[in-house]
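**Q** Pasting in a structure now, in structure tokens, and then I'll have a few things to ask.
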Amino acid sequence: MKSTLLLPAVAGAILSMSTPSIAETAVAAATDLNVRAGPGPQYPVVGVLAAGQSAVLRGCLANSKWCTIAEAGGEGWVYSDYLVGDFGGQKVVLSARPADSAVTVVEAPKRGGGDTGAVLGGVTGAIAGAVIGGPVGAAVGGAGGVIAGGTAGTVIDPPGQVRTYVQANQTEPVYLDGEVVVGAGLPETVQLAEIPDYEYRYVYLNGQPVLVEPASRRIVYVMR
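For the sequence shown, the working numbering begins at -11 and goes up steadily by one.
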């Protein structure tokens, strides 16, 4: 998916960003990246920032990898392991930015019934682990980690009957800390469901069905 699908209504869910003096930084997605209505995997996906697509960084939560971005189509929350920005003349993964980068600290939206930041169907259950690395996060060697080139696209293109089967046979959703991206790994505690006559398995992860290579347990496709 190569176009942004952000919802303008999400702008109301982002707080503490109306001051003109706030420093804004240009960032780009290193892979197709979900944009969510709030800072966490349980919030609904409201759009996608395509691999290589730029946006303006508005700020990040304190002690968190969730940050807010703005683009022509609207605003939303993204996981900073898969955003790259220019810090000190180097392209650096946002979550590995220098301590003196002066990125604005923002507040999380309030969770309410009519709030655009409301979680999926009222889901507030505990996170059952964490996504293991990913195509970008794995390349970060420390606070100064630099990305030489982004990772984009899908590993496979599943046939229509596979999509239909997965959508018709939803599994119990699993929520992991992190984001759903191609190349990310899943812990052994996540149960994968089989697809008849197909080499990959699937799971509903962080609100989205994904196809997984069973041996490596890495995501090979995200159904959007």
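All C-beta atoms, glycine included, are put in the ideal place defined by N, C-alpha and C.
#1: Could you tell me the alpha carbon to alpha carbon distance between V91 and D69, rounded to whole angstroms?
#2: Determine whether the beta carbon atoms of V93 and C48 lie at a separation below 9 Å.
#3: For S42, which residues does DSSP report across the bridge?
#4: Using the Cα positions of E95 and Q196, report the straight-line distance between them to the nearest angstrom.
#5: In this structure, does DSSP put G125 in helix, strand or coil?
#6: Where does the unbroken beta strand (DSSP E) through R205 begin, and where does it stop?
#7: Just grab the DSSP bridge partners of R212 for me.
#8: Within 10 Å of its beta-carbon, does G148 have 16 or more other beta-carbons around it, so buried, or fewer, so exposed?
#9: If G64 sits next to G35, beta carbons under 8 Å apart, how far is it from one beta carbon to the other, in whole angstroms?
#10: Kindly indicate the opening and closing residues of the beta strand (DSSP E) around Q78.
#11: Output the distance between the C-alpha atoms of V154 and I207, rounded to the nearest integer angstrom.
#12: Rounded to whole angstroms, what is the Cα-Cα separation between Y209 and R46?
#13: Please report the Cβ distance between G26 and P97, rounded to the nearest whole angstrom; I am assuming they are in contact, meaning their Cβ atoms lie under 8 Å.
#14: Between P175 and the rest of its own chain, which residues show a CB-CB distance below 6 Å, the 5 nearest in sequence each way excluded?
**A** For this structure:
#1: 15 Å
#2: yes
#3: A16
#4: 26 Å
#5: Annotation note: pLDDT 44 at G125 (below 50); position unreliable, coordinate value reported separately. Helix.
#6: Where R205 is concerned, there is no enclosing beta strand (DSSP E), given that its DSSP letter is neither H nor E.
#7: Beta-bridge pairing links R212 to no other residue.
#8: exposed
#9: 6 Å
#10: 78 to 81
#11: 15 Å
#12: 29 Å
#13: 5 Å
#14: G117
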